[in-house]
Amino acid sequence: MTAAVEAVGWGWRHAGRRGWALRRLDLVVEEGERVLLLGPSGAGKSTLLAGLSGLLHAPEAGDEEGRLLVGGRPAADVAGHAGLVFQDPSSYLVMGRVGDEVAFGLENRAVPPEEIWPTVAEALATVDLGYPLHHPTDRLSGGEQQRLAIADVVAARPRLWLLDEPTANLDPDGADLVRATLRQLLATSAATLVLVEHRVGLLLDLIDRVVVLEPGGAVAADGPPAEVFVGGGPTLRQAGVWVPGPPPPRFAPPRPPGPPVVAGEALTVAYPGASRPALADVDITAYAGQALAVTGPNGSGKTTLGLVLASLLRPTSGAVRFLAGGPPGEFARWRPRQLVRWVGTVFQEPEHQFVASTVADELAVGPRRAGMSEEASGRRVAELLERLALRPLAKANPFTLSGGEKRRLSVATALATDPALLVLDEPTFGQDARTWGEMAALLAEQRDAGRALVIATHDEELVDAVADRTVRLESGRVLAGVDPPGTSGTDGTGRRARRRPPAAPVGDQPTAAGR
Amino acid sequence: MTALAAPPIARGLGRLNPSAKLGAAVVVMVGLLVTADPVTPSLVLAAELAALPLARVPARTVAALAWPLPLAAVGVAVANLVASSAEPAVTAGISLRLIAIALPGVLVFASTDPVDLCDSLVQQLRVPARFAYGALAAFRLLPLLRQEWLTIRRARRARGIDAGRSPLGGLRLFGSSVYALLVAAIRRGTRLALAMDSRGFDSRTPRTAARRQVVTAADWALLAAAMAVVGAANGVAVAVGAWHPLLG
């Protein structure tokens, strides 16, 4: 019987790159196996999936060595025969309507027209997406879009499923539904599965084999999950692989929080053309030396709230006040160079905030704009390069850094002016276990240095590790939270409420009750 | 089967084949570009306005799309009268022609779903699918790029970067934002191309069509009517001695 996947000394170098993304890979996956592919950032996991789905065509797209076979045929010749689900569904949906989206793949495979719509309906029912066929795809939530992407694969009935972190971009509820869908599908199918997933714990029951790649492409470990995780756990963790196990330790704050730094009252933001406001009547305060987590499903207003608190978006109504100093005048109207001195913002995509051509220049932008002397800003840059381990990259172009490095640099730029308030949007998104740990520690350190942190995230482990207080948003409203202290309800997520009592006011300010 | 996939609004022009509608608009355009007299476009425009109720396109939609047309026509007329020695009759002809050519375009646009248009272009006019559906998918990215643009501008504010008081600073800020948007657009475009390829859009095998676009007698009637109207209008202009060729 032909193997489902066979790599023989396979390697791939993307066009224009000096290094190989992956090299000398030897791997055989038998028909029907369910393989979890692990490895630290940069180990070439996504490249392998792209290769298996026939997306890598030498020599136009890069250089290939060795052989990569799918069902006994060169992978590049069977493009479109494997079903691939990407990480971020919104950028990978092709058509504007639910039915057309599923039909698209069937048309490409030349399925007879009379079979297309029954197959579409069946696939949508399988993933439990009960919208009419003409429902616009951009009105689906992230989790629904991902289930639609899975329906695309279901309809195509591939023998090889390739999933590239299918739940990484989703909020916990959306991710749960996607996992349930996958579980049900794979239970009733004989298809081969190759899954890449960082946070592997919740999908472990789908897997019967774990393959760990080293940076460069060699297979570091290969075997049943129990064997690989028990035997190599600590080593794997060291290398940045998420290994199922106890949750990371909590960084408890050393002392009660300080005075309020930023306060929003009755914040409402209505985007033009939207059916409901993105934020509705939100009261919120962030305190010095305290990390405030803002959680909630995708589209609940987390990012919008962060933008308003960072004075990057003016609320439609309501007011934000900055209470830790700064120039006179309304906070929402501060000049950018005034703002950068007091508030550091970290965007979800680091590339958005890069403006210079070297890492060192990037770090100097903020201090210079804030009016710091050339000498003082030079000192600050040197200090940050050292502290955030960016020294070897000082001359590199920010856009060429790895995902973890980009994230670290974007936080470093926000810290460069020593701001009183740090607003972060999904700071741990896309990080491997090692860079995740570094980020959590860095955030705890900033909080302990007396900054107020506002962290919009759906990373529950991050919330558990560093947040002192949680506000949960749903449809733009505060669902639960402890803000302002003593006036509104209990702690945010049920999970956290179980673990520790809700924050209780001490004097006039809330404090975090550690575990 | 199309009914399953299409939203339930199909009447008047909305029921007709997109390629046929496009063809009719082109017939009108060509028929009006051969002559520079004011009579032909007046007659064609009168026929278009008379047929407007048959199109069943909501008046509000037409108004929203077509309101710049009269302004443009007046602008063209004024510019011509002031800046050139053209006779008033010729000037009126140019302005009327502008409206008579643009109105069918507006109606086609207002009554045609972009997906139907692509389907029809591929099925009736043999436009390569890669081009038609690629353009359609790229079109869907526009709102996302608008969002990226806002984010990029906000990120610059967060970094302390503003135009300051000098226009040069404003230009520099705009330039660097445009560059960042370009990077983002390329990244998104690449992802979309990957998504399409991963679903077999790249393979050289023939495609089938989930949504069939058919050409019916009504579509041929529309084309015939367009030809008849521009033919008759040109004929009348010749008969009354107003017709004269645009070139020559």
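So the sequence lines, in the order shown, correspond to chains A and B. Heads up, the first sequence is in my numbering, so the first residue is 532 and it goes up one at a time. Heads up, the second sequence is in my numbering, so the first residue is 64 and it goes up one at a time. For glycine and all other residues, C-beta sits at the position ideal for the given N, C-alpha and C.
Can you tell me whether Pro667 of chain A is helix, strand or coil according to DSSP? strand
Buried/exposed call for Asp179 of chain B, threshold 16 Cβ in 10 Å: buried
Quick one: list the residues of chain A neighbouring Thr271 of chain B, beta-carbon separation under 8 Å, in chain order. For Thr271 of chain B, the C-beta contacts it makes with chain A under 8 Å involve Leu637, Glu638, Ala641, Val642, Pro643, Pro644 and Ile647, in order along the chain.
DSSP three-state assignment for Pro790 of chain A, whether helix, strand or coil: coil
Are there 16 or more other CB atoms within 10 angstroms of the CB of Ala718 of chain A, so buried, or fewer, so exposed? exposed
Please list, in chain order, the residues of the region 245 to 274 of chain B that have any C-beta partner in chain A closer than 9 Å. Val246, Ala247, Arg250, Arg251, Arg254, Leu255, Leu257, Ala258, Met259, Asp260, Ser261, Arg262, Gly263, Phe264, Asp265, Ser266, Thr268, Pro269, Arg270, Thr271, Ala272, Ala273 and Arg274
Chain B beta carbons: is any one of them nearer than 8 Å to that of Asp753 of chain A? Output row for Asp753 of chain A: interface = no.
Going along chain A, which residues have a C-beta under 7 Å from Ala218 of chain B? Phe878, His883 and Gln884
Rounded Cβ spacing between Ala289 of chain B and Val125 of chain B (contact assumed at less than 8 Å): That belief does not hold up - the Cβ atoms of Ala289 of chain B and Val125 of chain B are roughly 18 Å apart, past 8 Å.
Is there a Cβ of chain D sitting closer than 8 Å to that of Ile164 of chain B, yes or no? Within the model displayed, chain D is absent; protein chains A and B are what it includes.
Identify the contact partners of Gly233 of chain B in chain A, using a Cβ-Cβ distance below 9 Å as the criterion. Going along chain A, no residue has its Cβ under 9 Å from Gly233 of chain B, so there is no contact; the nearest lies around 13 Å.
Determine the contact status of Ala822 of chain A and Arg978 of chain A, defining contact as a CB-CB distance below 8 Å. yes
Between the Cα of Asp659 of chain A and the Cα atoms of A:Asp683, A:Val625, A:Ile647 and A:Asp669, which residue gives the shortest distance? Comparing Cα-Cα distances from Asp659 of chain A to each of A:Asp683, A:Val625, A:Ile647 and A:Asp669, the minimum goes to A:Asp683.
So, does the CB of Tyr1052 of chain A fall closer than 8 Å to a CB anywhere in chain B? Because chain A spans 532 through 1046 in this model, residue 1052 of chain A falls outside it and cannot be assessed.
Would you check if the distance between the CB atom of Leu843 of chain A and the CB atom of Ala574 of chain A is smaller than 8 Å? no
In whole angstroms, give me the CA-to-CA distance for Ser240 of chain B and Thr214 of chain B. 10 Å
Using the C-alpha atoms, what's the distance from Ser933 of chain A back to Leu231 of chain B? 34 Å
When we look at the beta-carbon of Ala113 of chain B and count the other beta-carbons within 10 Å, is it buried (16 or more) or exposed? If you draw a 10 Å sphere on the C-beta of Ala113 of chain B, you find fewer than 16 other C-beta atoms in it, and that means exposed.
Quick check: Tyr623 of chain A and Arg160 of chain B, are their CB atoms within less than 8 Å of each other? no
Going by C-alpha to C-alpha distance, which of A:Ala975, A:Gly830, A:Phe853 and A:Pro803 sits closest to Thr847 of chain A? A:Pro803
Take every Cβ of the region 811 to 821 of chain A, pair it with every Cβ of the region 788 to 802 of chain A, and state whether three or more of those distances are shorter than 8 Å. A contact exists between the region 811 to 821 of chain A and the region 788 to 802 of chain A.
Is Gln769 of chain A close to the ligand ATP? I mean its beta-carbon at under 7 Å from any heavy atom of the ligand. The ligand ATP is absent from the structure shown, which contains no ligand whatsoever.
Along the beta strand (DSSP E) that carries Gly597 of chain A, what are the first and last residues, could you check? Gly593 to Val601
Option nearest Arg604 of chain A by Cα separation, candidates A:Ala706, A:Gly582 and A:Asp619: Ranking A:Ala706, A:Gly582 and A:Asp619 by Cα distance to Arg604 of chain A puts A:Gly582 first.
Option in A:Glu562, A:Val539, A:Gly570 and A:Leu568 with minimal Cα separation from Leu556 of chain A: Of A:Glu562, A:Val539, A:Gly570 and A:Leu568, the residue nearest in Cα terms is A:Val539.
Determine, using beta-carbon pairs with one atom in the region 754 to 766 of chain A and one in the region 779 to 789 of chain A, whether at least three such pairs fall under 8 Å. no
Run through chain B and tell me which residues come within less than 8 Å of Ala920 of chain A, C-beta to C-beta. Near Ala920 of chain A there are no residues of chain B at all, since even the closest Cβ is about 22 Å away, more than 8 Å.
Proximal chain B residues relative to Val750 of chain A, where beta-carbon distance stays under 9 Å: Residues of chain B passing the Cβ test: none, with the nearest at roughly 25 Å.
Residue(s) in a DSSP beta bridge with Ile986 of chain A: The beta-bridge partner set that DSSP reports for Ile986 of chain A consists of A:Ala824 and A:Leu955.
Check whether the region 260 to 276 of chain B and the region 217 to 229 of chain B touch, using three or more Cβ-Cβ pairs below 8 Å as the test. no
Would you decide whether Ser1019 of chain A is buried or exposed? Buried here means 16 or more other CB atoms lie within 10 Å of its CB. Bear in mind that a pLDDT of 34 at Ser1019 of chain A, under 50, signals an unreliable position, so the number given afterwards is only what the model happens to contain. The C-beta of Ser1019 of chain A has fewer than 16 other C-beta atoms within 10 Å across all chains shown, which makes the residue exposed.
What span of residues does the alpha helix (DSSP H) with Ser82 of chain B cover, start to end? Pro81 to Leu96
Does chain B have any CB closer than 8 Å to the CB of Arg900 of chain A? yes
Looking at chain B, which residues of the region 858 to 877 of chain A have a Cβ within less than 7 Å of any of its Cβ atoms? Arg866, Pro867, Arg868, Leu870, Val871 and Thr876
Find the residues of chain B that neighbour Phe617 of chain A, judging by a C-beta separation of less than 9 Å, and give them in chain order. Residues of chain B whose Cβ lies closer than 9 Å to the Cβ of Phe617 of chain A are, in chain order, Arg254, Leu257, Ala258 and Ser261.
Three-state secondary structure (DSSP) at Thr103 of chain B? Secondary structure at Thr103 of chain B: helix, using DSSP grouped into helix, strand and coil.
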